[in-house]
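**Q** Chains as they are written, first to last, in the working numbering: chain D, 1 to 287; chain X, 1 to 287.
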């Protein structure tokens with residue numbers, strides 16, 4: 001039996017993971033703050049106090065998505081240290097289980113341009129969040145050979161914090177309000193949260209080790225994304241690109257080389273950007 | 001007032017730190033398992049359960065030497081993860097205190113030769129111990145600017161675990177037994193534990209940041225060290241170099257460039273190898 005322990009099951013990405021795990025035949029144990037899910041052994045707990053769950057559940061697979069991700073705050077919050085410490089303790093409790101932990105594209109050197117490749121692109125995290133994730137990956141790779149690291153790019157989807165771009169545009173346009181934006185020329189790699197979860201689960205269910213980019217592989221400008229959201233919400237004229245100043249030192253291009261994810265893990269996103277944005281706007285319509 | 005919180009005060013290096021701290025005018029709070037010391041605020045505690053000591057003591061300076069160092073076991077023990085987690089939690093409790101944490105020459109790439117320089121030598125820890133220390137340093141440097149990292153080379157001195165080279169030779173020769181050794185051609189940087197503690201404390205009392213090698217800067221072969229110990233114990237003829245096979249993949253040369261320690265921190269060892277070895281053998285004579 002494949003028994004998965006999932007952390008962050010109440011989170012933005014993690015909420016989509018149980019379905020993906022069940023579809024691949026995993027017995028699913030989830031740790032989270034939210035409400036129990038059908039078909040899942042639900043451990044309602046604060047992970048910081050519950051690392052011993054690994055000894056009790058004895059998973060064959062561990063998918064660790066939980067982290068502190070409060071909008072804006074997470075980049076340099078000391079909460080990163082608490083999550084790093086707890087995650088390191090989890091590494092000590094694996095007992096041979098295969099582990100996939102969530103990393104971030106913020107491990108890469110954002111002052112460079114071009115597609116990011118897991119082994120040939122330079123790593124130079126510039127935030128405590130990125131440094132903590134980088135430190136965790138280095139430690140995980142030294143603890144066990146059966147360790148993979150999903151380096152997540154830019155997820156969007158239902159339930160995203162309301163201050164972020166997609167919710168801001170979706171809610172503004174749905175309410176008929178103009179939405180001032182910056183110029184939006186920076187290029188990112190966006191992936192729907194359900195596809196991000198699917199990619200993590202596919203990685204967990206593979207024997208691929210080391211860092212694997214989790215992205216769509218598609219280069220989309222911030223402005224294009226805003227316009228796609230506005231289109232799905234019914235009115236592109238309300239998006240006012242260039243009305244807000246650009247932030248200093250925004251990196252130009254952060255896009256994943258997804259060769260490993262596609263060819264080694266065998267995962268491809270199920271949703272196009274248009275479909276994913278439509279799904280997200282539909283969710284906001286119902287809030 | 002300069003108030004230092006010292007961890008590992010019962011340890012091999014740490015035992016020498018209180019005197020060095022007191023000599024530099026620090027009010028000293030120490031955490032350790034051993035017996036209280038005169039002139040020191042002694043907190044007898046397991047550090048893993050006592051990270052909140054930082055909030056209670058409110059040190060201006062933190063010297064963190066504690067780690068799992070059981071002879072032979074520490075290189076790849078999962079205890080490294082527990083110490084990494086606890087140390088990361090300490091980073092979250094500094095509240096602006098200056099911090100010096102203990103690193104290791106095992107962060108360097110041991111497959112290379114030549115003197116190790118803090119910024120120009122390649123880092124490539126090959127053990128969980130080295131990786132955990134490396135991860136801690138990266139995290140510490142991202143948390144606070146007032147952070148220094150003492151990269152300790154090869155300490156020896158009173159109280160060293162009995163299975164290690166210096167105690168083995170000292171006890172053997174003092175007992176009149178022959179001591180079979182390997183060829184002993186590998187070159188290391190040895191520093192007396194009291195000088196190592198003195199260097200850490202000097203670093204703590206300076207405003208130097210980043211990694212600083214803690215060594216003597218002297219290249220001494222393992223065989224030379226064994227002979228020096230035997231000489232201090234009264235009979236060099238009992239040391240049988242080459243009677244034991246050399247371990248595979250022993251690195252040839254691990255010696256510190258001590259420019260930063262000497263010129264920036266302003267520290268020089270107080271003991272020559274001959275003096276340090278004499279002190280150590282005298283200690284074994286009394287056991």
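Beta carbons are placed, not taken as given, at the ideal position from N, Cα and C, and that holds for glycine.
On a CA-only basis, which of D:224, D:271, D:148 and D:29 is nearest residue 104 of chain D? Give me that one, please.
**A** On the first chain, residue 104 of chain D is found 104 positions in, with the first residue counted as 1. Closest in C-alpha terms to residue 104 of chain D, from the list D:224, D:271, D:148 and D:29, comes D:148.
**Q** As a quick exercise: from X:167, X:110, X:62 and X:102, pick the residue whose alpha carbon is nearest that of residue 92 of chain X.
**A** Your numbering for residue 92 of chain X matches position 92 in the second chain. Distance from the Cα of residue 92 of chain X is smallest, within the candidate group X:167, X:110, X:62 and X:102, for X:62.
**Q** Taking residue 108 of chain X as part of the beta strand (DSSP E), name the residues at either end of that continuous run.
**A** In the second chain, the residue the question calls residue 108 of chain X occupies position 108. From DSSP, residue 108 of chain X is part of no beta strand (DSSP E); its letter is neither H nor E.
**Q** Using the C-alpha atoms, what's the distance from residue 137 of chain X back to residue 13 of chain D?
**A** Start at 1 with the first residue of the first chain, and residue 13 of chain D comes out as number 13. Start at 1 with the first residue of the second chain, and residue 137 of chain X comes out as number 137. Distance between the alpha carbons of residue 13 of chain D and residue 137 of chain X: 30 Å.
**Q** How far does the alpha helix (DSSP H) with residue 200 of chain D in it reach, from first residue to last?
**A** To locate residue 200 of chain D, count along the first chain from 1; it is residue 200. Here the alpha helix (DSSP H) through residue 200 of chain D covers 193–204.
**Q** Give the straight-line distance between the Cα atoms of residue 172 of chain D and residue 226 of chain D, rounded to the nearest whole angstrom.
**A** In the first chain, counting from the first residue as 1, residue 172 of chain D sits at position 172. In the first chain, counting from the first residue as 1, residue 226 of chain D sits at position 226. Those two C-alpha atoms are separated by around 11 Å.
**Q** Chain X beta carbons: is any one of them nearer than 9 Å to that of residue 152 of chain D?
**A** Working through the first chain from its first residue, we reach residue 152 of chain D at position 152. No, no contact with chain X.
**Q** Could you pull out every residue in the same chain whose Cβ sits closer than 6 Å to the Cβ of residue 204 of chain X, ignoring the five residues on either side in sequence?
**A** As a working note, residue 204 of chain X is residue 204 in the second chain. Cβ-Cβ distances below 6 Å link residue 204 of chain X to 61, 63 and 100 in the same chain, with the five nearest sequence neighbours on each side left out; the list follows chain order.
**Q** Does the region 159–176 of chain X come within contact of the region 220–234 of chain X, defined as at least 3 CB pairs closer than 8 Å?
**A** yes
**Q** What does residue 46 of chain D reach in chain X if we use C-beta pairs closer than 7 Å?
**A** Taking the first residue of the first chain as 1, we reach residue 46 of chain D at position 46. Near residue 46 of chain D there are no residues of chain X at all, since even the closest Cβ is about 15 Å away, more than 7 Å.
**Q** Taking beta-carbon pairs under 7 Å, can you tell me which members of the region 129–146 of chain X lie near chain D?
**A** 131, 132, 134, 135, 138, 139, 142 and 143
**Q** I'd like to confirm the pairing. Which residues does DSSP put opposite residue 104 of chain X in its beta bridges?
**A** The count along the second chain starts at 1 and reaches residue 104 of chain X at position 104. The partner list for residue 104 of chain X (beta bridge, DSSP) reads X:152.
**Q** Give the C-beta separation of residue 256 of chain X and residue 116 of chain X to the nearest angstrom, bearing in mind that I take them to be a contact with Cβ-Cβ under 8 Å.
**A** Residue 256 of chain X sits at position 256 when you count from the first residue of the second chain. Residue 116 of chain X sits at position 116 when you count from the first residue of the second chain. At roughly 6 Å, the Cβ-Cβ gap stays under 8 Å, so residue 256 of chain X and residue 116 of chain X are in contact.
**Q** Between the region 205–223 of chain D and the region 268–281 of chain D, can you find at least three pairs of beta-carbon atoms closer than 8 Å?
**A** yes
**Q** Would residue 135 of chain D be called buried (16 or more neighbouring beta carbons within 10 Å of its own) or exposed?
**A** By one-based count along the first chain, residue 135 of chain D stands at place 135. Residue 135 of chain D counts as buried, since at least 16 other C-beta atoms from the protein chains shown sit within 10 angstroms of its C-beta.
**Q** Mind listing which residues of the region 258–284 of chain X have their C-beta closer than 7 Å to chain D's C-betas, in chain order?
**A** none
**Q** Do you know how far the Cα of residue 260 of chain D is from the Cα of residue 213 of chain D?
**A** Counted from its first residue, the first chain places residue 213 of chain D at position 213. Counted from its first residue, the first chain places residue 260 of chain D at position 260. Their Cα atoms are separated by approximately 7 Å.
**Q** What is the DSSP secondary structure of residue 83 of chain X, counted as helix, strand or coil?
**A** Numbered from its first residue, the second chain carries residue 83 of chain X at position 83. Note: residue 83 of chain X maps to helix in three-state DSSP.
**Q** Buried or exposed: where does residue 151 of chain D fall if 16 or more other Cβ atoms within 10 Å of its Cβ makes it buried?
**A** Taking the first chain and counting its residues from 1, one reaches residue 151 of chain D at position 151. Classification of residue 151 of chain D: buried, given that the 10 Å Cβ count is 16 or more.
**Q** Checking 9 Å against the spacing of the C-beta atoms, do residue 230 of chain D and residue 239 of chain D come in under that value?
**A** Position 230 of the first chain, counting from 1, holds the residue named residue 230 of chain D. Position 239 of the first chain, counting from 1, holds the residue named residue 239 of chain D. Yes, the Cβ-Cβ distance between residue 230 of chain D and residue 239 of chain D is below 9 Å.
**Q** By Cβ distance below 6 Å, which residues in the same chain neighbour residue 197 of chain D in space, the five residues on each side in sequence not counted?
**A** One-based indexing of the first chain puts residue 197 of chain D at position 197. So the qualifying residues of the chain are 13, 16, 17 and 20.
**Q** What separation, rounded to the nearest whole angstrom, lies between the Cα atoms of residue 289 of chain D and residue 189 of chain X?
**A** Since the displayed chain D opens at 1 and closes at 287, residue 289 of chain D lies outside it and no answer follows.
**Q** Straight-line CA distance for residue 191 of chain D to residue 160 of chain D?
**A** Within the first chain, numbered from 1, the residue matching residue 191 of chain D stands at position 191. Within the first chain, numbered from 1, the residue matching residue 160 of chain D stands at position 160. The straight-line gap from Cα to Cα measures roughly 13 Å.
**Q** If distances are taken between C-alpha atoms only, which option among D:43, D:126, D:44 and D:264 comes closest to residue 207 of chain D?
**A** Here residue 207 of chain D refers to the residue found at position 207 of the first chain. If we check each option's Cα against that of residue 207 of chain D, D:264 comes out closest.
**Q** Out of X:129, X:228 and X:253, which one is the CA nearest neighbour of residue 113 of chain X?
**A** What you label residue 113 of chain X is simply residue 113 of the second chain in a count that begins at 1. Looking at the Cα atoms, X:253 is the closest of the given residues.
**Q** Got a sec: is the Cβ-Cβ distance from residue 103 of chain X to anything in chain D below 9 Å?
**A** Residue mapping note: residue 103 of chain X aligns to position 103 of the second chain, counting from 1. Answer no: the Cβ-Cβ gap between residue 103 of chain X and chain D never drops below 9 Å.
**Q** Figure out for me which residue from X:24, X:187 and X:168 has the closest Cα to the Cα of residue 181 of chain X.
**A** As a position in the second chain, residue 181 of chain X is number 181, starting the count at 1. From the listed residues X:24, X:187 and X:168, the smallest Cα separation to residue 181 of chain X is found for X:168.
**Q** Find out if the Cβ-Cβ distance for the pair residue 164 of chain D, residue 82 of chain X is shorter than 9 Å.
**A** The residue given as residue 164 of chain D occupies position 164 in the first chain. The residue given as residue 82 of chain X occupies position 82 in the second chain. The answer is no: Cβ separation not under 9 Å.
**Q** Counting along the chain, where does the alpha helix (DSSP H) carrying residue 219 of chain X start and finish?
**A** Within the second chain, the letter at position 219 stands for residue 219 of chain X. Looking at the DSSP string, residue 219 of chain X is not in any alpha helix (DSSP H); the run it does join, the beta strand (DSSP E), is 219–221.
**Q** With DSSP as the reference, identify every bridge partner of residue 64 of chain X, one or two as the case may be.
**A** Stepping through the second chain from its first residue, residue 64 of chain X is reached at position 64. In the DSSP output, where bridge partners are listed per residue, residue 64 of chain X has X:7 and X:101.
**Q** What runs of the alpha helix (DSSP H), each 4 residues or longer, lie entirely inside the region 115–189 of chain X?
**A** 128–143 and 165–174
**Q** Thinking just about the alpha-carbon of each residue, which of D:57, D:23 and D:24 is nearest to the one in residue 30 of chain D?
**A** What you label residue 30 of chain D is simply residue 30 of the first chain in a count that begins at 1. Nearest option by C-alpha distance: D:57.
**Q** At the 9 Å Cβ level, is residue 125 of chain D part of the contact set with chain X, yes or no?
**A** As a first step, residue 125 of chain D is located in the first chain; it is residue number 125 there, counting from the start. Output row for residue 125 of chain D: interface = yes.
**Q** Whole alpha helix (DSSP H) runs in the region 202–278 of chain X with 4 or more residues, listed along the chain?
**A** Runs found: 222–233.
**Q** Which residues share a DSSP beta bridge with residue 30 of chain X?
**A** Numbered from 1 along the second chain, position 30 holds the residue referred to as residue 30 of chain X. According to DSSP, residue 30 of chain X bridges with X:6 and X:42.
**Q** Would you check if the distance between the CB atom of residue 65 of chain D and the CB atom of residue 200 of chain D is smaller than 9 Å?
**A** Within the first chain, numbered from 1, the residue matching residue 65 of chain D stands at position 65. Within the first chain, numbered from 1, the residue matching residue 200 of chain D stands at position 200. Yes, Cβ-Cβ distance for residue 65 of chain D and residue 200 of chain D is below 9 Å.
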